[in-house]
């Protein structure tokens, strides 16, 4: 899935600011499309649709053709594609299953026609805003798409995306430059208010700039917001942070040793996965979480 040989290659002159503005544009369009629909708020559904398109774009080798393929799908075909995409993704990265689960519950629902149509409308809005141009290229390393999408979905229909606070890029770069002053392969990076992983992204950018691979690092992140943590898990794939991701959902004030607890939970979860994935498959296993 993340083999560099299979990346969509495209020469580009886009700066990080360009990518961040593009992410905000996608977030606004997705939120407007979602808020137009009737039914429960369920921001996790729309966020999960955006995450699904991201994974499909990274898995596919057809490049620009994929956007048209997805647009041409019926709502039922899109949901079927989403189930297949996540089955493949979680087969390759079962360690992320428990964290991304909140974004995928709609895959198991007996969705009615109205919800399926709403899901497809979100997908079309993201595609029309050129999500794949951002995610299926190396531009994905220079922006957090899921953070603005989550903020926009949680805001009132007429609110601005910037109602949710984000760490300014220059501040984040300064913080990570200090934290990674003497970084070496195998070291860890920790953010105990991880949100959707914005500091992870900037840290990975810094690490790459020093000729190192983020996949050689260990990434610890905690947040009380399960949807934000789910977005961080997906972002870890988008930004290619590697397999050593350790996330924690909970209040770190009541669990000061959260990193050790997160490692324990991750190890326990992977012990369960080994047998149950083989018996039931990735998506059937997720139904049991």
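Numbering (the numbering used here), first residue to last: 444 to 732. Where a beta carbon is used, it is the ideal one built from N, C-alpha and C, also for glycine. Small disclaimer: the values here were computed from a predicted structure and weren't measured.
### Query
Of the choices 527, 540, 524 and 548, whose alpha-carbon is the least far from that of residue 491?
Start at 1 with the first residue of the chain shown, and residue 491 comes out as number 48. For the set 527, 540, 524 and 548, the Cα lying nearest the Cα of residue 491 is the one of 548.
### Query
From the DSSP output, which residues share a beta bridge with residue 689?
Sequence index remark: in the chain shown, residue 689 carries index 246 (1-based). DSSP lists 663 as partners of residue 689.
### Beta-carbon spacing of residue 474, residue 670 below 7 Å
Stepping through the chain shown from its first residue, residue 474 is reached at position 31. Stepping through the chain shown from its first residue, residue 670 is reached at position 227. No.
### Message
Considering only the alpha carbon of each residue, which of 645, 709, 581 and 628 lies closest to residue 497?
### Response
Translated into the one-based positions of the chain shown, residue 497 becomes position 54. Relative to the Cα of residue 497, the nearest Cα in the group 645, 709, 581 and 628 belongs to 581.
#### Entry: residue 555 (DSSP reduced to helix, strand or coil)
Reading the chain shown from its first residue, position 112 is the one you call residue 555. Coil.
### Burial state of residue 679, where buried means 16 or more other Cβ atoms lie within 10 Å
Position 236 of the chain shown, counting from 1, holds the residue named residue 679. Buried, by the Cβ-count rule.
### Query
If you pair each beta-carbon of the region 465 to 473 with each one of the region 575 to 592, do three or more pairs fall below 8 Å?
A contact exists between the region 465 to 473 and the region 575 to 592.
### residue 679, DSSP secondary structure in three states
Within the chain shown, the letter at position 236 stands for residue 679. In the three-state DSSP reduction, residue 679 falls in the helix class (H, G or I).
### Message
Please list the terminal residues of the continuous alpha helix (DSSP H) segment that includes residue 634.
### Response
Residue numbering aside, residue 634 sits at position 191 when the chain shown is read from its first letter. Premise fails: residue 634 lies in the beta strand (DSSP E), 631 to 634, not in any alpha helix (DSSP H).
### Message
Just to confirm my understanding: we take residue 463, look at its own chain, exclude 5 residues before and 5 after, and list those with CB closer than 6 Å. What are they?
### Response
For the purposes of this step, residue 463 is identified with residue 20 of the chain shown, where counting begins at 1. If we look at residue 463 and ignore the five residues flanking it on each side, its Cβ neighbours are 586.
### Task
Go through its chain and collect everything with a Cβ distance to residue 713's Cβ below 8 Å, but skip five positions before and after it.
Against the chain shown, residue 713 aligns to sequence position 270. Listed in chain order, the non-local C-beta contacts of residue 713 below 8 Å within the same chain comprise 537 and 538, local neighbours out to five positions each way being set aside.
### Query
Cβ atoms of residue 528 and residue 499: under 7 Å apart, would you say?
The residue given as residue 499 occupies position 56 in the chain shown. The residue given as residue 528 occupies position 85 in the chain shown. In this structure, residue 499 sits near residue 528, with a CB-CB distance shorter than 7 Å.
#### Entry: Nearest neighbour of residue 518, chosen from 661, 560 and 647 [CA to CA]
In the chain shown, the residue the question calls residue 518 occupies position 75. Closest option to residue 518, judged by alpha-carbon separation, among 661, 560 and 647: 560.
### Task
Between the Cα of residue 406 and those of 508, 556, 627 and 565, spot the shortest distance and give me the residue it belongs to.
Because the chain is modelled from 444 through 732, residue 406 falls outside the range shown and cannot be assessed.
### Message
Please tell me whether residue 488 and residue 676 are closer than 7 Å, where the distance is taken between their beta carbons.
### Response
Indexing the chain shown from 1 puts residue 488 at position 45. Indexing the chain shown from 1 puts residue 676 at position 233. It is not a contact, given that the beta carbons lie outside the stated cut-off.
### Query
Would you report the Cα separation of residue 546 and residue 692, rounded to the nearest angstrom?
Indexing the chain shown from 1 puts residue 546 at position 103. Indexing the chain shown from 1 puts residue 692 at position 249. C-alpha separation (whole angstroms): 14 Å.
### Query
Which class does residue 577 belong to by DSSP, given the choice of helix, strand or coil?
Counting from 1 along the chain shown, the entry for residue 577 is found at position 134. It is helical.
#### Entry: Among 502, 563, 510 and 554, the one whose alpha carbon lies nearest that of residue 534
For this step, residue 534 is matched to residue 91 along the chain shown. Residue 502 is the option with its Cα nearest to residue 534.
### Message
Is it buried or exposed, residue 710, if we count other Cβ atoms within 10 angstroms and call 16 or more buried?
### Response
Here residue 710 refers to the residue found at position 267 of the chain shown. Exposed, since its Cβ has fewer than 16 Cβ neighbours within 10 Å.
### Query
Per DSSP, what kind of secondary structure is residue 536 in: helix, strand or coil?
Position 93 of the chain shown holds residue 536. DSSP, read as helix, strand or coil, puts residue 536 in coil.
### Query
What is the DSSP secondary structure of residue 641, reduced to helix, strand or coil?
Within the chain shown, residue 641 is the residue found at index 198, counting from 1. Three-state result, residue 641: helix.
### Message
Rounding to the nearest angstrom, what Cα-Cα distance links residue 477 and residue 625 in this structure?
### Response
On the chain shown, residue 477 is found 34 positions in, with the first residue counted as 1. On the chain shown, residue 625 is found 182 positions in, with the first residue counted as 1. Going from the Cα of residue 477 to the Cα of residue 625 covers about 45 Å.
### Task
Under 6 Å Cβ to Cβ from residue 688, same chain only, skipping five residues before and after it: list those, please.
Working through the chain shown from its first residue, we reach residue 688 at position 245. Excluding positions up to five away in sequence, the list reads 662 and 679.
### Task
Would you mind sorting residue 563 into buried or exposed? The rule is 16 or more other CB atoms within 10 Å of its CB.
As a working note, residue 563 is residue 120 in the chain shown. The residue is buried, with at least 16 neighbouring Cβ atoms inside 10 Å.
### Task
Tell me whether the beta-carbon of residue 645 lies closer than 7 Å to the beta-carbon of residue 664.
Position 202 of the chain shown holds residue 645. Position 221 of the chain shown holds residue 664. In this structure, residue 664 does not lie closer than 7 Å to residue 645 by Cβ.
### Task
Below 8 Å CB to CB, which residues in the same chain sit around residue 715 once its five sequence neighbours on both sides are set aside?
Here residue 715 refers to the residue found at position 272 of the chain shown. So the list is empty, once near-sequence residues are dropped.
### 8 Å CB neighbourhood of residue 552 in its chain, flanking five on each side removed
Position 109 of the chain shown, counting from 1, holds the residue named residue 552. Within the same chain, 558 come within 8 Å of residue 552 by CB-CB distance, once the 5 residues on both sides are set aside.
### Query
Which of helix, strand or coil does DSSP assign to residue 485?
Your numbering for residue 485 matches position 42 in the chain shown. Correct three-state label for residue 485: coil.
### Query
By Cβ distance below 6 Å, which residues in the same chain neighbour residue 701 in space, the five residues on each side in sequence not counted?
One-based indexing of the chain shown puts residue 701 at position 258. Once the five neighbours on either side are set aside, the close Cβ partners of residue 701 are 665, 691 and 695.
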